[in-house]
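Heads up: the protein sequence lines correspond to chains A, B, C and D, in order.
By my numbering, the letter at position 13 of the first sequence is numbered 13, and the numbering carries on one by one without gaps.
By my numbering, the letter at position 1 of the second sequence is numbered 1, and the numbering carries on one by one without gaps.
By my numbering, the letter at position 17 of the third sequence is numbered 17, and the numbering carries on one by one without gaps.
By my numbering, the letter at position 296 of the fourth sequence is numbered 296, and the numbering carries on one by one without gaps.
Glycine included, C-beta positions come from ideal geometry on N, C-alpha and C.
Since the structure is predicted, the reported quantities are computational estimates derived from the model, not experimental observations.
There are 4 protein chains.
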Amino acid sequence: MIKVGIVGATGYTGAELLRILCNHPQVEVVTITSRGDAGLPVAELYPGLRGRVGLAFVEPSVEALAACDVVFFATPHCVAMESVPELLAAGKVVIDLSADFRIKDAALWEKWYGHAHTAQEALKQAVYALPEVNREAIRTAQLIACPGCYPTAVQLGFMPLLEAGVIDPANLVANAASGVSGAGRQAKVANLFTEVHDSYKAYGVPGHRHLPEIEQGLNGMSKQPVSLTFVPHLVPMIRGIHATLYATLTDDNADVQALFEQRYANEAFVDVLPKGSHPETRSVKGINTCRLAVHRPQGRNTVVVLSVIDNLTKGAAGQAVQAMNIRFGLDETTGLLQAALMP
Amino acid sequence: MIKVGIVGATGYTGAELLRILCNHPQVEVVTITSRGDAGLPVAELYPGLRGRVGLAFVEPSVEALAACDVVFFATPHCVAMESVPELLAAGKVVIDLSADFRIKDAALWEKWYGHAHTAQEALKQAVYALPEVNREAIRTAQLIACPGCYPTAVQLGFMPLLEAGVIDPANLVANAASGVSGAGRQAKVANLFTEVHDSYKAYGVPGHRHLPEIEQGLNGMSKQPVSLTFVPHLVPMIRGIHATLYATLTDDNADVQALFEQRYANEAFVDVLPKGSHPETRSVKGINTCRLAVHRPQGRNTVVVLSVIDNLTKGAAGQAVQAMNIRFGLDETTGLLQAALMP
Amino acid sequence: MIKVGIVGATGYTGAELLRILCNHPQVEVVTITSRGDAGLPVAELYPGLRGRVGLAFVEPSVEALAACDVVFFATPHCVAMESVPELLAAGKVVIDLSADFRIKDAALWEKWYGHAHTAQEALKQAVYALPEVNREAIRTAQLIACPGCYPTAVQLGFMPLLEAGVIDPANLVANAASGVSGAGRQAKVANLFTEVHDSYKAYGVPGHRHLPEIEQGLNGMSKQPVSLTFVPHLVPMIRGIHATLYATLTDDNADVQALFEQRYANEAFVDVLPKGSHPETRSVKGINTCRLAVHRPQGRNTVVVLSVIDNLTKGAAGQAVQAMNIRFGLDETTGLLQAALMP
Amino acid sequence: MIKVGIVGATGYTGAELLRILCNHPQVEVVTITSRGDAGLPVAELYPGLRGRVGLAFVEPSVEALAACDVVFFATPHCVAMESVPELLAAGKVVIDLSADFRIKDAALWEKWYGHAHTAQEALKQAVYALPEVNREAIRTAQLIACPGCYPTAVQLGFMPLLEAGVIDPANLVANAASGVSGAGRQAKVANLFTEVHDSYKAYGVPGHRHLPEIEQGLNGMSKQPVSLTFVPHLVPMIRGIHATLYATLTDDNADVQALFEQRYANEAFVDVLPKGSHPETRSVKGINTCRLAVHRPQGRNTVVVLSVIDNLTKGAAGQAVQAMNIRFGLDETTGLLQAALMP
């Protein structure tokens, strides 16, 4: 059994991690830390875990995590970077769900996140854990940086086209929409039910922190530099990300459906839908799958990709467990093969 | 492996059964029938099952179900009663999720359902499968009648009080609320998103078919005859039932919290919350648990019980699998121990 | 034109008051105060008011309100009581939407609200402004205390039965459900979209502050003392209250439908539905109407009343404007005759 | 008073028309027709209109509409074209909310709608009633064709940029999202609450009937031919359209904010938000306003426009009343100046 510690499990990605791990056959969660809620039984905060998770939160410390084989960080940014170097030094595998180690260029990170990056040595060895891109590097990584939710949906959607070189990378559009759980569990007026329900809006149009992360990933897939316009929207639903991607086709003969099917033929968690499909976010509710469809409307030269994930699962905790499975030599799908909760 | 057939899996209880069974370690689903959708891959109707359920619907017939050990009916009422006698004669175990075999008094059934009951011999041997009441009878039953969703929530909520004889059974109120999936997957204007969303209403106040089923069950728990006022409501959510139960306490010294804790001490799927709690339906989303809380507001003589279940799981498909586990000698919780999808 | 000031319009009842008053033909809103947001244009906080309300918030003070004929308080409890005596002394009519002047017994108020009542002289002259009960007193009142949202729905539902003396007042049940706007616009985790959406729960079962207010009102309608069990629930919708009321009929021959129709024959804002109806909260979305239906399920001796209002309109701001119309000698319906927003 | 007849008021646009007109000070609705529901009181179908609309549906016929000055069609496509020529011959003004007279090229209409166009003479005189474009023509039109909901939001969003010639018209993207009321009131499984709630999806990517209508409108604003990629999405909300528009800026010095403010300076129902804004659909719930914001993310050469309307109001019934006001010489805003229902 892999012994797991979780830092910061009071947020939604932490809760999702517990939901998944409490049914994982090869894992024992031994420590869950929280600075604010030490002493509180986890199931009191998340009644859905009553009878499934018996632990209480403990004060965070490297000692508390000593017995673990792997430590997950489900914290806001700037928290993991404080403790990770010490845990790495102690020989732990660290899987960070926060943004601290996603962007390789520390200066770029600092510009977008507005803080100094205090763990730049660790950053150098971090592996960006989109398994469909970096599976081999994950197998031996000590510090695993899980992608953001939007970046997962957008990168998986553009990848077959960029790798094949059949679209113009200089003029990409990602129009994305997220459920409200993406905003976390902070008490803010803007996220009240009464402010969000039965309404829809764009946000962060001038600039969203996932933009540099996505462009970094897309540049890795493209021979020419990528320029992306990224507009996120807020949907009155709890979970789910839907990315609608637009690109100009440069090869009029490209069989885009075939490109997607071939690229993901061996991927357990990427599902390319039949031609003409429209994936719904509910079709991945609670599961680690990304479902994709590709269209070429009216036979014109704009290709449209539809990409859906559950932001808390494939977009966060599920993908983190997928990385753990890879890292510890388990079958990649262990504990991750439920069917979506639908309806 | 138990070989399972499902009749009528195009509705929501059928889909939920598949969601649960595709992860059940001791089950193989071998046949799924549908009169209207024969030939259609199941996952095309329910994209959440893509990659998890590979079968297509077949025409319903006793022959098609010959290879099964157990046949689930997830059909509207009046369907199971047509085929069940033949399946029983063929030695199959039948688990019926519909209303056909829930009410022991055929005349009462006919009054409420408006049809002749054409399988009254089978009805006599049917076991009403609320495991917390009838566990022993389920172990050897050939025909298992699963309780309705409201009846499950209401009976589990009143049971400790009625069995202990501390309330007046002649004056019970069950004010219940259900998510919209309880109305099924029929194309009706009344169940359109635009008709239901952001609104709330009572329905069926003059009389709801679950009333006689609930009164039958409560009478089995009570020394004196029961009279219940049952008012269901429609909540703009997909899953979940919340029953708020009112009764007049006849024993001023009764420790109602203790009565609940003792009655359910050994029940894996009934969770009595600490004093003062208010269970939320989301705390059981997708799982087979009933969570209960009991109150005595202002120390007056009215006792209030709060009871929540997922109508598709403990209120239908999950409870059916629980019954199957009991009937086939498995651990009762096999395949049913996920944590709720929350948030 | 009646000159109106509003104190505390940053909350939802204040916003609703502005939505109604900006279309009221006899009113000019001249001052809107807010301690926290002085200087902010109102329409910046509530973009739905852009182009309709041009004022900015000002610091609250009696001077700022000097030009007004009437001052509305849309504040949390304990705010109005601080300023009201001074405004009364200045000759202003005050309409208080908060709880400060609803309960006549100051000691009872202090027990439930946990604060000393600092304006008990004013309290003595306050008129409880349920127009269907107190219309005449409102015409000359200087201090008008608007009923709470639940109390409005529950009192209008029980009134015809209590006044006629055909039910047992010692054993009443009010099972009520509210949209989330009833919880106000405070930043609390419990009211986040992600905590409330797609779920349902009871709350405040041990005791809710509207209980003493409702019992006070019901006692005014009944010859014998009233005892009420009141259980509120939270519905994942923005607006609306639905009260489901249960009482034991003591007169088997009472024609309850006729009692309701007669009692409300001349009330512009109470709509008694035809026999057998189930009012939906959306049928009163944004309007000042209470819709009622009365049932006697199965012909037994329990009578069930269904009562719906919009908690922000008839349950708060609309009813306050109705009281203002009465107080200033206008047609009671002025500015209040829109149709519900449906769908 | 203008005497109004409505054909086909059982759908949502018809109900919205009634909601608006029952408070319009210069209008009397004298006839409401419905083939299927003749005899039924309108308020029985739409309880939100109880006490506001006293009429019952009558069988549709030209005679029934004889007393009207203006006839609104709120019907599915292919209905208006059957009766309109006769009504025009009878001297009535006709305002059609359906698609029958929106597209000037009958062959193009027939291709997208799959029916023969049987009123091509009438089509020639139809005025496309986007008041911000065609106000003068509306003043004297006898046949007024109201724009579709998506076309209204998209055209108002692109107009200032296309008219100024500062974007490349050959490569436009309109990523739009609609509330479910846009799908109408038909009983379809796909629009059930349980199929739509808590989920999000694109639809009609291969081709949506609003594409040719939008391109026709945009071509009228542009010197060079327009090519648009249009992808609609379904949002789990009742009302509202949000269009996110993308275009490549061809004039690096264009002050896009100023272009919007100047173009709409005198428009009562178009609200250009301050720089940096993100309009929410709820800010126009139930009102006839379009709110717009324009961005140039990261200072790159892609301009992003955000455009919100209520699909039933500015996207249908409200805009139709606006056109009626213009046509009958009333103040354009008569009956249309409510504030949005928010929260």
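- [ ] Report the rounded CA-to-CA distance for D271 (chain D) versus T229 (chain D), giving the unit in angstroms.
- [x] For this step, residue 271 (chain D) is matched to residue 271 along the fourth sequence. For this step, residue 229 (chain D) is matched to residue 229 along the fourth sequence. Cα atoms of D271 (chain D) and T229 (chain D): separation of roughly 25 Å, rounded to the nearest angstrom.
TODO: With a cut-off of 8 Å on the beta carbons, I'd call L156 (chain D) and L259 (chain D) a contact; round off their distance for me.
DONE: Here residue 156 (chain D) refers to the residue found at position 156 when the fourth sequence is read from its first residue. Here residue 259 (chain D) refers to the residue found at position 259 when the fourth sequence is read from its first residue. For a cut-off of 8 Å, the C-beta gap from L156 (chain D) to L259 (chain D) is around 13 Å, too long to register as a contact.
TODO: Anything in chain B within Cβ reach of N175 (chain C), meaning under 7 Å, just list it in chain order.
DONE: Along the third sequence, one-based indexing puts residue 175 (chain C) at 175. Simply N175 and T244.
Open item on the list: Between which two residues does the alpha helix (DSSP H) holding G5 (chain A) run?
Closed with: Here residue 5 (chain A) refers to the residue found at position 5 of the first sequence. Element bounds for G5 (chain A): not the alpha helix (DSSP H) but the beta strand (DSSP E), I2 to V7.
Task: Contact with chain C by N325 (chain D), beta-carbon distance below 8 Å - done: Residue numbering aside, residue 325 (chain D) sits at position 325 when the fourth sequence is read from its first letter. It does not: the Cβ of N325 (chain D) has no partner Cβ on chain C nearer than 8 Å.
Open item on the list: Does any residue of chain B have a CB that is nearer than 8 Å to the CB of L97 (chain A)?
Closed with: As a working mapping, residue 97 (chain A) is identified with position 97 in the first sequence. L97 (chain A) does not count as touching chain B.
Task: is_contact[M342 (chain B), chain A] using C-beta, thresh 8 Å - done: By one-based count along the second sequence, residue 342 (chain B) stands at place 342. The Cβ of M342 (chain B) sits closer than 8 Å to at least one Cβ of chain A.
Open item on the list: Here's a check: name, in chain order, each residue in its chain whose Cβ is nearer than 8 Å to the Cβ of Y113 (chain C), leaving out the five neighbours to either side.
Closed with: Indexing the third sequence from 1 puts residue 113 (chain C) at position 113. Closer than 8 Å at Cβ, skipping near neighbours: H77, C78, A99 and R209.
Task: Contact set for D251 (chain B): own chain, Cβ-Cβ below 6 Å, skip 5 residues either direction - done: One-based indexing of the second sequence puts residue 251 (chain B) at position 251. Cβ neighbours of D251 (chain B) beyond the five flanking positions: V166.
TODO: Report yes or no: is there a C-beta of chain C within less than 8 Å of the C-beta of N219 (chain D)?
DONE: Locating residue 219 (chain D) in the fourth sequence gives position 219, counting from the first residue. It does not; no Cβ of chain C falls within 8 Å.
Open item on the list: With a threshold of 8 Å between beta carbons, is I287 (chain C) in contact with chain A?
Closed with: Taking the third sequence and counting its residues from 1, one reaches residue 287 (chain C) at position 287. Not closer than 8 Å to any Cβ of chain A, the Cβ of I287 (chain C) fails to qualify, so no.
- [ ] Specify, as a first and last residue, the run of the alpha helix (DSSP H) that C149 (chain D) falls within.
- [x] Translated into the one-based positions of the fourth sequence, residue 149 (chain D) becomes position 149. Taken as a continuous stretch (DSSP letters only), the alpha helix (DSSP H) holding C149 (chain D) covers C149 to A164.
Open item on the list: Using 8 Å as the threshold, is the C-beta distance between T194 (chain C) and S178 (chain A) below it?
Closed with: Residue numbering aside, residue 194 (chain C) sits at position 194 when the third sequence is read from its first letter. Residue numbering aside, residue 178 (chain A) sits at position 178 when the first sequence is read from its first letter. Cβ distance not < 8 Å, so T194 (chain C) and S178 (chain A) don't count as in contact.
Task: Rounded straight-line distance, which links the Cα of I95 (chain D) to that of E110 (chain D) - done: Counting from one through the fourth sequence, the residue named residue 110 (chain D) turns up at place 110. Counting from one through the fourth sequence, the residue named residue 95 (chain D) turns up at place 95. Straight-line Cα distance between these residues: approximately 21 Å.
Task: Nearest candidate by alpha-carbon position, reference T334 (chain B), set B:A320, B:M342, B:L341 and B:P343 - done: Taking the second sequence and counting its residues from 1, one reaches residue 334 (chain B) at position 334. It is B:A320 whose Cα lies nearest to the Cα of T334 (chain B).
- [ ] Run through the stretch 84-132 of chain A for me and flag every whole beta strand (DSSP E) of 3 or more residues, listed as ranges in chain order.
- [x] 93-96
Open item on the list: By the DSSP assignment, the alpha helix (DSSP H) with F193 (chain A) in it spans what residues?
Closed with: As a position in the first sequence, residue 193 (chain A) is number 193, starting the count at 1. Run containing F193 (chain A): F193 to V196, per the alpha helix (DSSP H) assignment.
Task: Residues, ordered as in the chain, of the stretch 227-238 of chain A that lie near chain C by beta-carbon distance below 9 Å - done: When CB distances to chain C are screened at a threshold of 9 Å, the residues of the stretch 227-238 of chain A falling below it are P236, M237 and I238, in chain order.
- [ ] Return helix, strand or coil for L337 (chain C), following the three-state DSSP convention.
- [x] The count along the third sequence starts at 1 and reaches residue 337 (chain C) at position 337. It is coil, neither helix nor strand.
Task: Contact test: K124 (chain B) Cβ vs the ligand NAP heavy atom, cutoff 7 Å - done: Annotation note on the ligand NAP: not contained in the displayed structure, which lists no ligands.
Task: Segment limits, beta strand (DSSP E) that includes P232 (chain A) - done: As a first step, residue 232 (chain A) must be located in the first sequence, where it is residue number 232. Here the beta strand (DSSP E) through P232 (chain A) covers L228 to L234.
Task: Proximity of K104 (chain D) and V70 (chain D) at Cβ, strictly below 8 Å - done: Indexing the fourth sequence from 1 puts residue 104 (chain D) at position 104. Indexing the fourth sequence from 1 puts residue 70 (chain D) at position 70. No, they are not a contact pair.
Task: CA-to-CA distance, P206 (chain B) to E44 (chain A), given in whole angstroms - done: Counted from its first residue, the first sequence places residue 44 (chain A) at position 44. Counted from its first residue, the second sequence places residue 206 (chain B) at position 206. Linking E44 (chain A) to P206 (chain B) through their CA atoms gives a straight-line distance of about 40 Å.
Open item on the list: Measuring CB atoms only, is the stretch 272-290 of chain A touching the stretch 308-317 of chain A, in the sense that at least three cross pairs come out at less than 8 Å?
Closed with: yes
Task: Rounded separation between K3 (chain D) and V62 (chain D) - CA only - done: For the purposes of this step, residue 3 (chain D) is identified with residue 3 of the fourth sequence, where counting begins at 1. For the purposes of this step, residue 62 (chain D) is identified with residue 62 of the fourth sequence, where counting begins at 1. Spanning the two alpha carbons is a distance of roughly 15 Å.
Task: Burial state of V196 (chain B), where buried means 16 or more other Cβ atoms lie within 10 Å - done: Within the second sequence, residue 196 (chain B) is the residue found at index 196, counting from 1. Classification for V196 (chain B): buried.
- [ ] Tell me whether T248 (chain D) sits in a helix, a strand or coil according to DSSP, three-state version.
- [x] Locating residue 248 (chain D) in the fourth sequence gives position 248, where the first residue counts as 1. When DSSP states are grouped into helix, strand and coil, T248 (chain D) belongs to the strand group.
TODO: For the alpha helix (DSSP H) holding V321 (chain D), just list the boundary residues, first then last.
DONE: The residue you call residue 321 (chain D) lines up with position 321 of the fourth sequence. From DSSP, the alpha helix (DSSP H) with V321 (chain D) extends over G318 to R327.
Task: Below-8 Å beta-carbon distance, H295 (chain C) vs any chain B residue - done: Walking along the third sequence from the start, residue 295 (chain C) turns up at place 295. It does: the Cβ of H295 (chain C) has a partner Cβ on chain B nearer than 8 Å.
Open item on the list: At a CB distance below 7 Å, what residues from the stretch 181-198 of chain D approach chain B? Give them in sequence order.
Closed with: Of all residues in the stretch 181-198 of chain D, the ones placed with a Cβ closer than 7 Å to any Cβ belonging to chain B are S181, R185, A187, K188, V189, N191, L192, F193, T194, V196, H197 and D198, in chain order.
Task: Through-space distance from E280 (chain A) to K201 (chain D), alpha-carbon basis - done: If you number the fourth sequence from 1, residue 201 (chain D) lands on position 201. If you number the first sequence from 1, residue 280 (chain A) lands on position 280. Spanning the two alpha carbons is a distance of roughly 5 Å.
Task: CA nearest to the CA of G236 (chain C), picked from A:L192, A:T289 and A:R102 - done: As a first step, residue 236 (chain C) must be located in the third sequence, where it is residue number 236. A small correction: the amino acid at residue 236 (chain C) is Pro; Gly does not occupy that position in the sequence shown. It is A:L192 whose Cα lies nearest to the Cα of P236 (chain C).
TODO: Have a look at R139 (chain B) and P151 (chain B) and give me their C-alpha separation to the nearest angstrom.
DONE: Counting from one through the second sequence, the residue named residue 139 (chain B) turns up at place 139. Counting from one through the second sequence, the residue named residue 151 (chain B) turns up at place 151. In a straight line, the C-alpha of R139 (chain B) is about 21 Å away from that of P151 (chain B).
Open item on the list: Are the CB atoms of L97 (chain D) and T13 (chain D) within a distance shorter than 8 Å?
Closed with: Position 13 of the fourth sequence, counted from the first residue, corresponds to residue 13 (chain D). Position 97 of the fourth sequence, counted from the first residue, corresponds to residue 97 (chain D). Cβ atoms of T13 (chain D) and L97 (chain D): closer than 8 Å.
- [ ] With DSSP as the reference, label H242 (chain C) as helix, strand or coil.
- [x] The residue labelled residue 242 (chain C) in the question sits at position 242 within the third sequence. Strand at H242 (chain C).
Task: Interface residues of chain A facing Y12 (chain C) [CB-CB closer than 9 Å] - done: Mapped onto the third sequence, residue 12 (chain C) falls at position 12. The contacting residues are T194.
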